Every structure is written in structure tokens, then in C-alpha cells.
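Participant: Pasting a structure here, questions to come.
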Amino acid sequence: MTKKSTQHGFISDRAYATALQEQRSAITMGAADVEQYAALKNIGIGFSDAFLSQANVAYGMDDVQGGVTAGSTGSPIQFLQAWLPGFVHVATAPRQIDILTGISTVGEWHDEEVVQPILEMTGKAVPYGDTTPVPLVGYNLNYERRTIQRFEAGFAVGSLESARGAAARLDAANTKRASAMLALNIIRNDVGFYGYNDGNSRTYGFLNDPSLPAYKTVAQGKSGSTKWNQKTFEEITGDLTTAFTQLVAQSKGLIDAINTPTTLALPAGHEVILNTVNAFGMSVKKWLKDNYPNCRTETAPQLTGANGGVDSFYLYAEEIVGDTSDDDRRVWIQAVPAQFMALGVDPQGKRTVEDNTNATAGVMCKRPYAVYRASGI
Numbered sequence: 000m001t002k003k004s005t006q007h008g009f010i011s012d013r014a015y016a017t018a019l020q021e022q023r024s025a026i027t028m029g030a031a032d033v034e035q036y037a038a039l040k041n042i043g044i045g046f047s048d049a050f051l052s053q054a055n056v057a058y059g060m061d062d063v064q065g066g067v068t069a070g071s072t073g074s075p076i077q078f079l080q081a082w083l084p085g086f087v088h089v090a091t092a093p094r095q096i097d098i099l100t101g102i103s104t105v106g107e108w109h110d111e112e113v114v115q116p117i118l119e120m121t122g123k124a125v126p127y128g129d130t131t132p133v134p135l136v137g138y139n140l141n142y143e144r145r146t147i148q149r150f151e152a153g154f155a156v157g158s159l160e161s162a163r164g165a166a167a168r169l170d171a172a173n174t175k176r177a178s179a180m181l182a183l184n185i186i187r188n189d190v191g192f193y194g195y196n197d198g199n200s201r202t203y204g205f206l207n208d209p210s211l212p213a214y215k216t217v218a219q220g221k222s223g224s225t226k227w228n229q230k231t232f233e234e235i236t237g238d239l240t241t242a243f244t245q246l247v248a249q250s251k252g253l254i255d256a257i258n259t260p261t262t263l264a265l266p267a268g269h270e271v272i273l274n275t276v277n278a279f280g281m282s283v284k285k286w287l288k289d290n291y292p293n294c295r296t297e298t299a300p301q302l303t304g305a306n307g308g309v310d311s312f313y314l315y316a317e318e319i320v321g322d323t324s325d326d327d328r329r330v331w332i333q334a335v336p337a338q339f340m341a342l343g344v345d346p347q348g349k350r351t352v353e354d355n356t357n358a359t360a361g362v363m364c365k366r367p368y369a370v371y372r373a374s375g376i
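Here you go:
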């Protein structure tokens, strides 16, 4: 007779499925399943019924097959990054020409020149005589011409570039348009200070207009140097007093040092030197405000080394009243027919090309007698 193998246990499929749905173990074991289980307590070994019914869940009852995928590598780095808002733009030097001279929109983008008429009355009165000739007066009329320079800056944006830029929260077209505007403003600022020489043009700037007076070297201080960073309060204010005095003298009194609006243009960084104080704690800046209340102080990096590598300052009146002129009475004019003008957009299938332009005639000094230039500070 064939001997049957002993079946030690059986769990039906239904019972196993029910256990999984109820999130409990399908195999449980209690004290009744182990002979002499209670006797183990006599030697210090014992388990609670709750532990025995749950402990088998924590242990594998058979061999586990290897995983299909590789072991976990943790969270990808992009899920662990904190992105700061906004973009840090690369800095460019301040464009100060508009602050120093203002900006006048004159003419058209397509014009060739900006012209300022200069009118001088001539003649001299003489003692009267019945038989003497009549002394005739007259005038001299001249035209100061400045050539208009046109510049352009464009950009192209492709479809893929635009889409990927948008994914990075960046508007590619507007960013490039702003870059074109910046480039045009930078070149206009450069022309405003230095002019533009292409061999045939008459475009000058704040630093090299041919009508400007010559530089005056400031006096040496006790240290033997003319530089303000080595001078005392009294020596710096002495240089400024000389500048205001000369400005009034060369204008024959048309400029009032106290009441006429004036501008003191310094190299960038020299405004800090105006904090130099005297023995009573008064700074040069406070002295300047108290004695010349209508003088404003501005800075420009272009004045650093402006005169052959030597730092310089300008002191000038902003406008002149009291003469018979019928223009805008300004001392400086920055003639700009067009600051920024879009020339057009050219769709080219996969990308779009846009071009922009500006036009400037540089800076003209209309009244050179209202400008004082000092060098060596």
C-alpha cells in the first residue's frame, strides 16, 4: 500500500486573497501550535500571542527573486534645487551724458546735419559830427554744423530658441530687444562724450567739442600734489572758489555764481572726496551747498583721465539769461533725432529677424564762456 505524505498545512487561494484584502497575515501561529511552548518561560524565553501572530510578516518564508530594475539611486538633483527669482544682469558703466547735458530730440533720422546759427552784432558808436561819415553797424552770421551719425542693432529669434527660453521663464525676443536698446544707448553715450570721427564728419562730444576752453591746472597743495585725495578741505574749496570766480569773470557777469543753476561734473569716485572735513567738522559738500545752493554735483567715469590721462572736472552754467538770444539758452545741447526706432520685422520661416536704429549728432557746446575746465585733480 502506497504511503501518503503528511500535509502539514493548507491555505486556500480564497483565504489568502481575503487576508491580503484585510491587510493581515495569512499565516498565524499561537501557543496551541507549539508543544511545550509555555515551558520555555521557565528558561527565560517567551513571546506574546500578538508577537507570534505578526512576526512572520517580517521574515521571508522562501527565497526572493532578484529585482527587475537597478537599485534606487535616490532623488534626482533637479528635485532638490531651489531656484531664486529673477535674473542678475551683468552691469555696464552708467550712461551719464543725458544727466550732464540733457537730451534734445531735433531733426529727423534721415537728416544729414544739425545746424546752430550763431549771430554776432558788429559795429561801434563814435562821436557825432555834422560832416563825418555815418558809422555803419552790421552783423556776422555763422552756422555751426554737426553731422548726424546713425547706428543699428538687430537680433534674430528662432522657434526652438523661443520655446526653450519660455520653458526657462525667459522671453527671448524681448530680452534681445532690450539688449539692442542697451547697445544703441551705449554707443549714443560714447558719441555724446567723445564724438565720432569717420574722417569726414563733424560730430563732437562733451570732452572734445572744438569750441571748449582750455583746461586749467589746479594749484598744488601742501603735499606738493594737485590731486584732491592728497589735499585738505581748504585746498579743495580753494580750487572750487577759483572755478566759480573764473566762470563769472569769463562770462562778464552773465553768470551769477550763487543764483545761476550750475553743474559740477566730477570723475566717478571723486564725490566721496567731497566728504573731506575741516577742523570744525564741515565737509566740502556742505560748504558747496551753503555757498553755491544752485550748484548740483554729478559724476561720470569718462572724466577719469579725461585730459591726457589726468582726472578733470567741469563747472558750467546750465543756461544763460540776460542776453538777446532767442534759442533755448542752454549751454550744452545733445542733438538726438532718434533714440530708438524699429526698422522692421522680417519673418523667415523658422526664425524672425528684427532691426533697430538710432541717430545722434553728439554734443555741442553753444556757449563756451559758460564752461570752466580744470585738470589735475
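Just so you know, numbering that gives the first Met the number 0 puts 121 at position 122 of the sequence shown, and the rest follows in order with no gaps. Note that the Cβ used here is the ideal one computed from N, Cα and C, for glycine as well. Please read these numbers as outputs of a predicted model, since none were measured by experiment.
Just the Cα atoms here: how many angstroms apart are Thr-17 and Gly-66?
Facilitator: Here residue 17 refers to the residue found at position 18 when the sequence shown is read from its first residue. Here residue 66 refers to the residue found at position 67 when the sequence shown is read from its first residue. If you take the alpha carbons of Thr-17 and Gly-66, they lie about 26 Å apart.
Participant: Can you tell me whether DSSP reads Ser-250 as helix, strand or coil?
Facilitator: Stepping through the sequence shown from its first residue, residue 250 is reached at position 251. Three-state result, Ser-250: coil.
Participant: Across the segment 242 to 254 and the segment 175 to 193, are there enough close Cβ pairs to call them in contact, namely three or more that are closer than 8 Å?
Facilitator: no
Participant: Determine the direct distance from the alpha carbon of Val-89 to that of Gln-95, and round the result to whole angstroms.
Facilitator: Against the sequence shown, residue 95 aligns to sequence position 96. Against the sequence shown, residue 89 aligns to sequence position 90. Straight-line Cα distance between these residues: approximately 18 Å.
Participant: Grab me the residues of Ile-98's own chain with a C-beta within less than 7 Å of its C-beta, minus the 5 sequence neighbours each way, in chain order.
Facilitator: Numbered from 1 along the sequence shown, position 99 holds the residue referred to as residue 98. If we look at Ile-98 and ignore the five residues flanking it on each side, its Cβ neighbours are Glu-297.
Participant: Across the segment 317 to 334 and the segment 157 to 164, are there enough close Cβ pairs to call them in contact, namely three or more that are closer than 8 Å?
Facilitator: no
Participant: Please classify Glu-233: does DSSP put it in a helix, a strand, or coil?
Facilitator: Here residue 233 is taken as the residue at index 234 of the sequence shown, counted from 1. If DSSP states are grouped into helix, strand and coil, Glu-233 belongs with the helices.
Participant: Answer yes if the segment 251 to 268 comes into contact with the segment 284 to 295, meaning at least three C-beta pairs across the two stretches below 8 Å, and no otherwise.
Facilitator: yes
Participant: With distances taken from CA atoms, which of Ser-74, Gly-73, Asp-170 and Val-283 is nearest Phe-232?
Facilitator: As a working note, residue 232 is residue 233 in the sequence shown. Residue Val-283 is the option with its Cα nearest to Phe-232.
Participant: What are the start and end residues of the alpha helix (DSSP H) that includes Asp-354?
Facilitator: Start at 1 with the first residue of the sequence shown, and residue 354 comes out as number 355. Unbroken run through Asp-354 is the beta strand (DSSP E), 350 to 359; no alpha helix (DSSP H).
Participant: Are His-117 and Glu-143 close, meaning C-beta to C-beta below 8 Å?
Facilitator: Position 118 of the sequence shown, counted from the first residue, corresponds to residue 117. Position 144 of the sequence shown, counted from the first residue, corresponds to residue 143. Just to set this straight, residue 117 is Ile in the shown sequence, not His. Closer than 8 Å, so yes.
Participant: Any idea what DSSP makes of Arg-201, helix, strand or coil?
Facilitator: On the sequence shown, residue 201 is found 202 positions in, with the first residue counted as 1. Correct three-state label for Arg-201: coil.
Participant: Need the endpoints of the alpha helix (DSSP H) that Asn-293 sits in, please.
Facilitator: Stepping through the sequence shown from its first residue, residue 293 is reached at position 294. From DSSP, Asn-293 is part of no alpha helix (DSSP H); its letter is neither H nor E.
Participant: Quick one: give me the first and last residue of the beta strand (DSSP E) that Phe-150 is part of.
Facilitator: Here residue 150 refers to the residue found at position 151 of the sequence shown. Taken as a continuous stretch (DSSP letters only), the beta strand (DSSP E) holding Phe-150 covers 148 to 157.
Participant: Among Ala-256, Phe-154, Arg-145 and Asn-184, which residue has its Cα nearest to the Cα of Pro-209?
Facilitator: The residue you call residue 209 lines up with position 210 of the sequence shown. It is Arg-145 whose Cα lies nearest to the Cα of Pro-209.
Participant: Under 8 Å: do the segment 273 to 290 and the segment 301 to 317 share three or more Cβ pairs, one atom per stretch?
Facilitator: no
Participant: Just to confirm the assignment, what range does the alpha helix (DSSP H) spanning Tyr-195 have?
Facilitator: Here residue 195 refers to the residue found at position 196 when the sequence shown is read from its first residue. Here Tyr-195 belongs to no alpha helix (DSSP H), and DSSP marks it neither H nor E.
Participant: What are the boundary residues of the alpha helix (DSSP H) that includes Thr-100?
Facilitator: Taking the first residue of the sequence shown as 1, we reach residue 100 at position 101. Start and end: 96 to 100.
Participant: For Tyr-127, does the count of other Cβ atoms within 10 angstroms reach 16, so buried, or fall short, so exposed?
Facilitator: Numbered from 1 along the sequence shown, position 128 holds the residue referred to as residue 127. By the 10 Å Cβ count, Tyr-127 comes out exposed.
Participant: Where does Gln-333 land, buried or exposed, given buried means 16+ other C-beta within 10 angstroms?
Facilitator: Working through the sequence shown from its first residue, we reach residue 333 at position 334. Under this definition Gln-333 is a buried residue.
Participant: Tell me, which residues are paired with Tyr-313 by DSSP?
Facilitator: Residue numbering aside, residue 313 sits at position 314 when the sequence shown is read from its first letter. Paired residue(s): Ala-264 and Arg-372.
Participant: Our contact map puts Pro-132 next to Gly-122 with C-beta atoms below 8 Å; I'd like the distance itself, whole angstroms only.
Facilitator: Indexing the sequence shown from 1 puts residue 132 at position 133. Indexing the sequence shown from 1 puts residue 122 at position 123. Incorrect: roughly 13 Å between the Cβ atoms, too far for contact.
Participant: Which partner residues does Arg-329 have in the DSSP bridge list?
Facilitator: For this step, residue 329 is matched to residue 330 along the sequence shown. Its beta-bridge partners are Glu-318.
Participant: Using the Cβ count rule (16 or more neighbours within 10 Å means buried), how would you classify Pro-346?
Facilitator: Looking up residue 346 in the sequence shown gives position 347. Looking at its Cβ environment, which holds fewer than 16 other Cβ atoms inside 10 Å, Pro-346 is exposed.
Participant: Where DSSP assigns a beta bridge to Gln-115, which residues make up the other side?
Facilitator: Walking along the sequence shown from the start, residue 115 turns up at place 116. DSSP, once it has assigned bridges, lists Glu-143 as partnering Gln-115.
Participant: Looking only at its own chain, which residues have a Cβ that is under 7 Å from the Cβ of Leu-206, when we skip the five neighbours before and after it?
Facilitator: In the sequence shown, the residue the question calls residue 206 occupies position 207. Closer than 7 Å at Cβ, skipping near neighbours: Phe-192, Tyr-193, Gln-301 and Ala-305.
Participant: On the CB-based measure, 16 or more other CB atoms within 10 Å of its CB, does Pro-84 come out buried or exposed?
Facilitator: Here residue 84 refers to the residue found at position 85 when the sequence shown is read from its first residue. Per the 10 Å Cβ criterion, exposed.
Participant: Would you call Pro-75 buried or exposed, if buried means 16 or more other Cβ atoms sit within 10 Å of its Cβ?
Facilitator: Translated into positions along the sequence shown, residue 75 becomes position 76. With fewer than 16 Cβ atoms within 10 Å of its Cβ, Pro-75 is classed as exposed.
Participant: Nearest by alpha-carbon distance to Val-330: which of Gly-101, Leu-287 and Val-87 is it?
Facilitator: The sequence position of residue 330 within the sequence shown is 331, counting from 1. Ranking the options by Cα distance to Val-330, first place goes to Gly-101.
Participant: Assuming Asn-357 contacts Leu-183 under a Cβ cut-off of 8 Å, what Cβ separation, rounded to an integer in Å, is found between them?
Facilitator: Here residue 357 is taken as the residue at index 358 of the sequence shown, counted from 1. Here residue 183 is taken as the residue at index 184 of the sequence shown, counted from 1. Contact holds; Cβ gap of about 5 Å.
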